[in-house]
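In the numbering used here, the protein residues as written are -2 to 166. First comes the structure, then the notes that go with it.
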Amino acid sequence: MRRLRPDPASPPVGTISAESRAARIAYTIRAAAAAGIATALWQGLELTHGIWLAISAIVVLQPRRGETWAKGVNRVVGTVIGAAVATSCAAVLPANAFTVAGAVAVTILLCWSSGRLHDPMPLAALTTVLVFTFDRQEHALAAGFWRCAEIIGGVGIGLVLTAIPFPGE
């Protein structure tokens, strides 16, 4: 039987030390607050795809506050790139598997070619696919705008919560 190994992207066990018990509690409170605030906004504003508001608010949060800011910036950059490529493609091409695959390829190539956008690349590709989830009644431009707004709004919630200091952090 294979042993499960820790995710290399996760902080090594023990790197959030005993002195940072406060950091663990702060992270837990921030994640719970992010989920609650994002869900309240999503439901209150009756957003069709508001789940991305909540997902983004939670995903951007990291146990270390500085890492949250870096992840937030990457998520916003990736979202904007992915939405721009997908919206452009969806506006002129049929929404089918070939168009989605081509849009994802263009998005990834744009990120690679910049030499600086490797971290936001997976998020850019994800956003590219999300733009194509628009309903038949929803225009591609509207879909691109709303996916951007939902994801960036969620990131904003996470960043605002990260800016609130907790005692002992």
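In this text, a Cβ means the ideal position worked out from N, Cα and C, and glycines have one as well. Given the structure is predicted, the values throughout are model-derived calculations rather than measurements.
query: Beta-carbon separation (whole angstroms), Leu120 vs Gly69, contact threshold 8 Å; result: Their Cβ separation, rounded to whole angstroms, is 11 Å, which puts Leu120 and Gly69 out of contact at 8 Å.
query: Delimiting residues of the alpha helix (DSSP H) encompassing Gln167; result: Residue 167 is absent from the model: the chain starts at -2 and stops at 166.
query: Anticipated Cβ contact below 8 Å, Ile149 with Leu107, distance rounded; result: The pair is not a contact, with the Cβ atoms about 19 Å apart (cut-off 8 Å).
query: Test item: CB-CB of Leu127 and Arg144 under 9 Å; result: yes
query: 8 Å contact criterion, which Pro117 and Arg61 should meet: CB distance rounded; result: 19 Å between Cβ atoms; not a contact.
query: Cut-off 6 Å between Cβ atoms - residues of its own chain near Pro162, not counting five sequence neighbours on either side; result: none
query: Run of the alpha helix (DSSP H) containing Leu127, from where it starts to where it stops; result: 118 to 128
query: Distance between beta carbons of Leu158 and Ile27, contact taken as under 8 Å; result: It is worth fixing the name first, because residue 27 is Arg in this sequence and not Ile. Contact holds; Cβ gap of about 4 Å.
query: Counted within 10 angstroms of its Cβ, other Cβ atoms place Ser110 as buried (16 or more) or exposed; result: exposed
query: Cβ-Cβ distance between Thr65 and Val57 below 9 Å; result: yes
query: Three-state secondary structure (DSSP) of Glu166; result: coil
query: Minimum C-alpha distance to Gly141 - residue among Phe129, Val152, Ala160; result: Phe129
query: Collapsed DSSP secondary structure at Gly151 in the structure displayed; result: helix
query: Nearest-angstrom Cβ-Cβ length linking Trp39 and Gly47, presumed shorter than 8 Å; result: 3 Å
query: Assigned secondary structure, Thr45 (DSSP; H/G/I helix, E/B strand, else coil); result: coil
query: Sequence-distant residues of its chain with Cβ nearer than 7 Å to Ala15 (five each side left out); result: Annotation note: pLDDT 47 at Ala15 (below 50); position unreliable, coordinate value reported separately. Excluding sequence neighbours, Ala15 sits near nothing in its chain.
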